Amino acid sequence: MSAKEKYEAERRRRLFIPSWSQQFTWLKLSDGGEMFCNVCRQFPAKADRAGAFLKGTQNFRKHAIDAHDKSRNHLVCMVAKRVADNPAAGPLNVWARRATAERQQQVTKLINAALIS
Numbered sequence: 881m882s883a884k885e886k887y888e889a890e891r892r893r894r895l896f897i898p899s900w901s902q903q904f905t906w907l908k909l910s911d912g913g914e915m916f917c918n919v920c921r922q923f924p925a926k927a928d929r930a931g932a933f934l935k936g937t938q939n940f941r942k943h944a945i946d947a948h949d950k951s952r953n954h955l956v957c958m959v960a961k962r963v964a965d966n967p968a969a970g971p972l973n974v975w976a977r978r979a980t981a982e983r984q985q986q987v988t989k990l991i992n993a994a995l996i997s
């Protein structure tokens, strides 16, 4: 065991850094001292069921938080939350608005072409 590994294992005590909650608004600290992802807990069917941030973890390392923030399951949960908070922002509604706008442009072009000729 290297000196660094020994230090990490025996002496270094990692703590939750409160500023992490400001940077990652989904990050919460339970009364039991475990950090967890509030958004993944809201959408457990979409979350990584074996993930530490769904269950709660005391792995107080920034790289673990960064990795969760970029994980596919977490991103899916974030989209689900955005849609739940604002249904009009859902992918189908966005597509429908875009398709309607494109259709209106097509009809306008046809009407203008008919009027000009």
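So for the sequence shown, the numbering used here puts the first residue at 881; every next one is plus one.
In this text, a Cβ means the ideal position worked out from N, Cα and C, and glycines have one as well.
On a predicted model such as this, the values are computed, not experimentally measured, just so you know.
| Asked | Found |
| --- | --- |
| 8 angstroms Cβ cutoff met for M915 and K926 | no |
| Nearest to G913 (by Cα), restricted to the options F923, Q922, F933 | F933 |
| Cα-Cα separation, R941 to R962 | 27 angstroms |
| Reduced DSSP secondary structure (H/G/I, E/B, other) of K989 | helix |
| Cβ-Cβ distance between V919 and W900 below 8 angstroms | no |
| F904 vs A960 beta-carbon contact at 8 angstroms | no |
| M915, enclosing beta strand (DSSP E) - first and last residue | 915 to 917 |
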